[in-house]
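Trainee: So the sequence shown is residues 9 to 932, counted in this note's numbering.
Ideal Cβ positions, reconstructed from N, Cα and C, are used throughout, including at glycine.
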Amino acid sequence: MSKKVSSLLILVVVVSLSLELEMGTQQKRLGLLLVNLFVQEKLEFLNNLHRWTMRKFFYFFVVFSFLFSNKLFPLDVVVKDDNNVPKTTGYVEHYFWEESKILKPDGPCILKKLQIYFVGDYQNRDTIYIMGDPSEGYLPPTLWVANYNLKTDPIIFDYPGKPGWYEFPAGNIYLAGLDRVVILHRLNQKGPFFAIDNDGLSTPYSSFLMNPFENNSLGGPCNYYIANGDFLVRLVVEYVYPLDSTSAKPPVPQFFDVTTEVGLTLPDGKYIGSNDVSVVDWNNDGWDDIAIGSYFFQNNGDGTFTDVSKKFNITASMTSWGDFNNDGFIDCYALRNGNYDENLKMVFSLDRVYKNNGNGTFTMLNPKDIFSLPYPSPSEDFNLSTPNQQDSIPNPYNCITPLWADFNGDGQLDLFLANNRVGVTVAGNYVERYFPDQLWIQDKNGKFKNVTKTAGLPQFELFSPSSGALGYYDCYGANACDYNNDGKVDIFVANYRLVRDLLYKNNGDGTFTNVGDVTGVQGVPTAAPNYFGHGMGAEWGDFNNDGNPDLAVGNLGHPDWRGMYSNPSLIFENQGPPDYKFREVHQKMGLKFFEMNAGMTWGDFDLDGYLDLWHGQISYRAEGDGGEPKRPGRIYFNTGAPDFKLIDKTWEVGAIIHGPWNAVRIDYDNDGDLDLLVASPFEGVRLLQNDLERKGNWVEFRLIGSPENSVNMDCYGTKIYLYAGGRKFYRELMGSISGNRCSQNSNSLHFGLGNTRIIDSVVVVYLNGFRKKYINVKANNIYLIKYNDELNKLLTSTPVLIYPKNFQQNLPDSLCLAWNFVDGATSYEIIISEDKDFKNHQKYFSNDSTLCWNKGSKSKQYFWKVRAITTKDTSSWSSVYTFFVGNPIPPAIQLIAPINDSKKMNLTPTFKWSRPKFQKYLDV
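1. Helix or strand or just coil, what does DSSP make of Ser317?
2. Return yes when the Cβ of Asp265 is within less than 7 Å of the Cβ of Arg702, no when it is not.
3. Do the CB positions of Ile449 and Asn416 come within less than 7 Å of each other?
4. Tell me Phe871's beta-bridge partners as DSSP assigns them.
5. Please report the distance separating the alpha-carbon of Ile322 from that of Leu373.
6. Going along the chain, which unbroken runs of the beta strand (DSSP E) with 3 or more residues stay wholly within the stretch 278-310?
7. Grouping DSSP H, G and I as helix and E and B as strand, with all else coil, what is Gln850?
8. Who are the near neighbours of Leu29 in its chain, counting only those whose CB is closer than 6 Å to its CB and skipping five residues on each side?
9. Going by DSSP, what residues sit across from Lys801 in a beta bridge?
10. For the pair the stretch 209-217 and the stretch 234-253, tell me if three or more CB-CB distances fall below 8 Å.
11. Go through the stretch 136-204 residue by residue and report every complete run of the alpha helix (DSSP H) that reaches 4 residues or more, in order.
12. At which residues does the alpha helix (DSSP H) containing Trp659 begin and terminate?
13. Here's the rule I'm using: 16 or more other beta-carbon atoms within 10 Å means buried, otherwise exposed. How should Phe853 be labelled?
14. Out of curiosity, what's the CA-to-CA distance linking Gln817 and Lys880?
15. What residue range is occupied by the uninterrupted alpha helix (DSSP H) comprising Ile378?
16. Below 7 Å between beta carbons: does that hold for Thr622 and Ile643?
17. I'd like to know if the stretch 772-783 and the stretch 510-529 are in contact, where contact means that at least 3 CB-CB pairs between them fall below 8 Å.
18. With a CB to CB cut of under 7 Å and the five nearest residues on each side skipped, what residues in its chain are close to Pro261?
19. Could you check the C-alpha separation between Ala732 and Leu226 for me, to the nearest Å?
20. What three-state label does DSSP hand Gly485 in the structure shown?
21. Rounded C-beta distance between Ala184 and Thr764? I'm assuming under 8 Å.
22. Check this for me: beta carbons of Leu859 and Ile838, under 7 Å apart or not?
23. Measuring straight from C-alpha to C-alpha, what distance separates Ala324 and Phe370?
24. Since Ala178 contacts Phe126 with CB under 8 Å, what's their CB separation in whole angstroms?
25. For Ser718, which of Lys596, Leu192, Asn796 and Phe892 has the nearest alpha-carbon?
26. Under DSSP, the beta strand (DSSP E) around Glu269 begins and ends at which residues?
27. For Ser210 and Asn231, what's the separation of their Cα atoms in angstroms?
28. Pull up the CB-CB distance for Asp679 and Phe645, whole angstroms please, since I reckon it's below 8 Å.
29. Per DSSP, what are the beta-bridge partners of Glu547 in this structure?
30. Counting C-beta neighbours from all protein chains within 10 Å, is the total for Phe652 16 or more, i.e. buried, or is it exposed?
31. Skipping 5 residues on each side, what residues in its chain have a beta carbon closer than 6 Å to that of Arg37?
32. Using 7 Å as the threshold, is the C-beta distance between Pro410 and Ser282 below it?
33. For the alpha helix (DSSP H) holding Met597, just list the boundary residues, first then last.
34. Give me the DSSP bridge partner(s) of Cys824.
35. Taking 7 Å as the cut-off, decide whether the C-beta atoms of Lys868 and Val893 are in contact.
36. Whose CA, out of Ile164, Asp207, Pro116 and Ser143, lies closest to the CA of Ile181?
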């Protein structure tokens, strides 16, 4: 037996003996160390099979000892901000008021218990609520919205009339890393009360009272007050990533911000603020490009982008893309809004359509050449005498979603223009005007004709006495779908201002019927029968792999009394045939209620075969402005069958951006996993590169239609059913806009497959009813599917780095680098450098997906990346990973206390110094 194995046996004995003695934190550190050693040893298998085989049993023994020891778990930690000294007098009897406490653990944890110091001299029954915080610490929720964010059943407590600490089991509630918890109760006559401490309020404020009888500045009940001190209310938690008596810091981001590195900034390096963003391949090279308002960035195919805005010369606030003339090059609808008169009536629209010339330039089209007059309802609402109106798009409304789709199945794209409101303050009064949505069908001559009335869409002002229909709605996001799988394109409209959402069923005869009420997707009932949600966007996706598209709807909703009348964000599970009704499941799945929820994006980000969900959260101010808290979007990972729970992993993966309206899917580097392009007006549009540990394989498809067969060139209206490993997967490409007001995902249809490598069959269903089946398809490839043609590999996918992990430390100077196998690769090029920009680097080639490297030096940081080479092309470079040979040299320690030349110190001074990164131990 080798010396190393003997040493390992001793280690096993030591660990086994210490399991009953060691604290959870130290055990976890050692456990992680051993797991890393195991991974490293596994890689050495390439050169040392016999030695690794002898060792692996012992590593498994140690790791399993840690996993199953009853002493593994870290210590309970108390989360509090009080000083532990309760005030005993001064409690005012505020009957029916609410007392609430907001607490923020330091990281992901299990909430095990509550500790509350109650005061009051009378016996009474109390009800304690454990709730999520919808306002990110700004203000606590109220019992008006308790059902939206309850973490567990209310705790009923019979207070004996004796002040003191009381402890309550919390039911082992999982709290995500960004979560705050609100402990709330409603005051009874004569208490009991949450005790307050005696040194005033700490900041940020966490202890509040709410008077439900007093009107606030908005004219409704619910006025908040700050308590006179910190409530003695505490959480007892167990951290998932313990470090001493707190949580470890978040790990290295796995959604890594590469915005600056890839070139998606202004010339001065500043980020581009925007509420929306679009992904489109405007030059048909298989690499997705990016449009942010009037800025256009073309993908170079090497992990970088080039700003081509001046060449395009397109002016827009937001863009929607579709090849309306079927020439093979995708065109652009540019939103610009319009000019209004003093009555909030638009004088003319500034929106424009730009034709893609196919040579890297665009031509702005004259609206009269592609739109047929007259304007909608000109005699009722608008005076057409202004000459320049004839040169504008005949949609005299505030368009927010120009949706390209083929609604009549003739192979030509049509336009659904979803319009929202305009508001202005007149004589101190805020006045709003709402506008109707419009449907334009393209005729055989390439002109768009307004068919809104004949299609059966509503035409009257909301609550107008003459209204016989649903009225004008304040749209904040529309998208195309085929909710009932009948082969016709339907329309879903998410509406603001508490009106019902709309689902227009395509009847196939040129008319549509709103079925939002009968299917259940108009919203869920509230305290008022005609009030629903503040719809901020929606997206369709089959989260449970049953082949029926489900619907996620983002709703802004307030945590005060207004919450009685508004929906939180919702998820509707499609029940399928024969009725295609929907069941609302957001609470069952675990989607959280936040006040400023916005756009939604489905995508299988970890490749486990189940759609995950990103959900935006807007803000009206920059973080810190006027006390504005950080309001990040959230990313939820789908646990899959049978429960389909959504687990918030935002803290772990690092996708933390303040105030994003929406995010869109893009595989910008064609490495097979979905990256996120997040749009925030304050922090700018950010490209988050997906470096998640992969849980499976993948495949992507890009589609080209056939107009002569009544399939538009974009293949909008196409579905793909994929069968692999005994499972069914479904994706659809119904139209251009999805998720939010005017954001567009990549037109590439992406599937995570889990552990399946061989795809049994792929069935493509086109809008004309034609079905094409492909069998025995290889996973981990990007394919181009032309109408009724064979499957063609589009390009070589980009390698994904496997080992060492990004930012891994304490590695030996000789190690094996590993990445995934790329189909068709004959060799791989690897470069390693001490510089992040690779100015000075070592270049290597390998015929397989590993490289054993022995040029490392202790305490040095290295960067590396890989690309695949085939007989036809070369892939893009992989993500850049970094690792440390040995440990990084820590920075110099800064002494804090006592200060230099201190005098008259006591005999037991306390010495303090800065805590350096990477420390292993300190010599004092």
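Mentor: According to the structure shown:
1. Start at 1 with the first residue of the sequence shown, and residue 317 comes out as number 309. DSSP places Ser317 in helix when its eight states are reduced to three.
2. Indexing the sequence shown from 1 puts residue 702 at position 694. Indexing the sequence shown from 1 puts residue 265 at position 257. It is not a contact, given that the beta carbons lie outside the stated cut-off.
3. Here residue 449 is taken as the residue at index 441 of the sequence shown, counted from 1. Here residue 416 is taken as the residue at index 408 of the sequence shown, counted from 1. A contact, by the Cβ cut-off of 7 Å.
4. Indexing the sequence shown from 1 puts residue 871 at position 863. DSSP output for Phe871 lists Ser841 and Thr890 as bridge partner(s).
5. For the purposes of this step, residue 322 is taken as the residue at position 314 of the sequence shown. For the purposes of this step, residue 373 is taken as the residue at position 365 of the sequence shown. Each residue's Cα considered, the two are about 11 Å apart.
6. 286-288, 297-300 and 303-307
7. Here residue 850 refers to the residue found at position 842 when the sequence shown is read from its first residue. Reduced to three states, the DSSP call for Gln850 is strand.
8. The count along the sequence shown starts at 1 and reaches residue 29 at position 21. Bear in mind that a pLDDT of 32 at Leu29, under 50, signals an unreliable position, so the number given afterwards is only what the model happens to contain. None.
9. Locating residue 801 in the sequence shown gives position 793, counting from the first residue. Tyr791, per the DSSP bridge assignment.
10. yes
11. 154-157
12. Within the sequence shown, residue 659 is the residue found at index 651, counting from 1. First-last of the alpha helix (DSSP H) with Trp659: Thr658 to Val661.
13. The sequence position of residue 853 within the sequence shown is 845, counting from 1. By the 10 Å Cβ count, Phe853 comes out exposed.
14. Counting from one through the sequence shown, the residue named residue 817 turns up at place 809. Counting from one through the sequence shown, the residue named residue 880 turns up at place 872. For Gln817 and Lys880, the distance between alpha carbons rounds to 37 Å.
15. The count along the sequence shown starts at 1 and reaches residue 378 at position 370. Looking at the DSSP string, the run of the alpha helix (DSSP H) that includes Ile378 is Pro375 to Ile378.
16. For the purposes of this step, residue 622 is identified with residue 614 of the sequence shown, where counting begins at 1. For the purposes of this step, residue 643 is identified with residue 635 of the sequence shown, where counting begins at 1. For the sequence presented, residue 622 should be read as Trp rather than Thr. Against a cut-off of 7 Å, the Cβ pair of Ile643 and Trp622 comes out as a contact.
17. no
18. Reading the sequence shown from its first residue, position 253 is the one you call residue 261. Result list for Pro261: Val661 and Gly662, in chain order.
19. As a position in the sequence shown, residue 732 is number 724, starting the count at 1. As a position in the sequence shown, residue 226 is number 218, starting the count at 1. C-alpha separation (whole angstroms): 55 Å.
20. As a first step, residue 485 is located in the sequence shown; it is residue number 477 there, counting from the start. Gly485 falls in the strand class under three-state DSSP.
21. Stepping through the sequence shown from its first residue, residue 184 is reached at position 176. Stepping through the sequence shown from its first residue, residue 764 is reached at position 756. So it is not a contact: roughly 29 Å between Cβ atoms.
22. Here residue 859 refers to the residue found at position 851 when the sequence shown is read from its first residue. Here residue 838 refers to the residue found at position 830 when the sequence shown is read from its first residue. A contact, by the Cβ cut-off of 7 Å.
23. Here residue 324 refers to the residue found at position 316 of the sequence shown. Here residue 370 refers to the residue found at position 362 of the sequence shown. The alpha-carbon atoms of Ala324 and Phe370 are separated by roughly 13 Å.
24. In the sequence shown, residue 178 corresponds to position 170, counting from 1. In the sequence shown, residue 126 corresponds to position 118, counting from 1. No, Ala178 and Phe126 are not in contact; Cβ-Cβ is about 17 Å, not under 8 Å.
25. For the purposes of this step, residue 718 is taken as residue 710 along the sequence shown, with counting starting at 1. Comparing Cα positions, the closest option is Asn796.
26. Taking the sequence shown and counting its residues from 1, one reaches residue 269 at position 261. Segment Thr267 to Val270 is the alpha helix (DSSP H) holding Glu269; no beta strand (DSSP E) there.
27. Position 202 of the sequence shown, counted from the start, is the residue given in the question as residue 210. Position 223 of the sequence shown, counted from the start, is the residue given in the question as residue 231. Looking at the two C-alpha atoms, the distance is approximately 21 Å.
28. Taking the first residue of the sequence shown as 1, we reach residue 679 at position 671. Taking the first residue of the sequence shown as 1, we reach residue 645 at position 637. With 8 Å as the limit, Asp679 and Phe645 do not qualify as a contact, their Cβ atoms being about 19 Å apart.
29. Sequence index remark: in the sequence shown, residue 547 carries index 539 (1-based). Partner(s): Ala560.
30. Reading the sequence shown from its first residue, position 644 is the one you call residue 652. By the 10 Å Cβ count, Phe652 comes out buried.
31. The count along the sequence shown starts at 1 and reaches residue 37 at position 29. Unreliable positioning characterises Arg37 in this predicted model, as indicated by a pLDDT of 40, which lies under 50. The coordinate reading is nonetheless provided below. Nothing listed; no residue qualifies.
32. Stepping through the sequence shown from its first residue, residue 410 is reached at position 402. Stepping through the sequence shown from its first residue, residue 282 is reached at position 274. Taking 7 Å as the Cβ cut-off, Pro410 and Ser282 do not qualify as a contacting pair.
33. As a position in the sequence shown, residue 597 is number 589, starting the count at 1. Run containing Met597: His594 to Met597, per the alpha helix (DSSP H) assignment.
34. Position 816 of the sequence shown holds residue 824. According to DSSP, Cys824 bridges with Cys860.
35. The residue you call residue 868 lines up with position 860 of the sequence shown. The residue you call residue 893 lines up with position 885 of the sequence shown. Closer than 7 Å, so yes.
36. Translated into the one-based positions of the sequence shown, residue 181 becomes position 173. Of the candidates Ile164, Asp207, Pro116 and Ser143, the one whose C-alpha sits nearest the C-alpha of Ile181 is Pro116.
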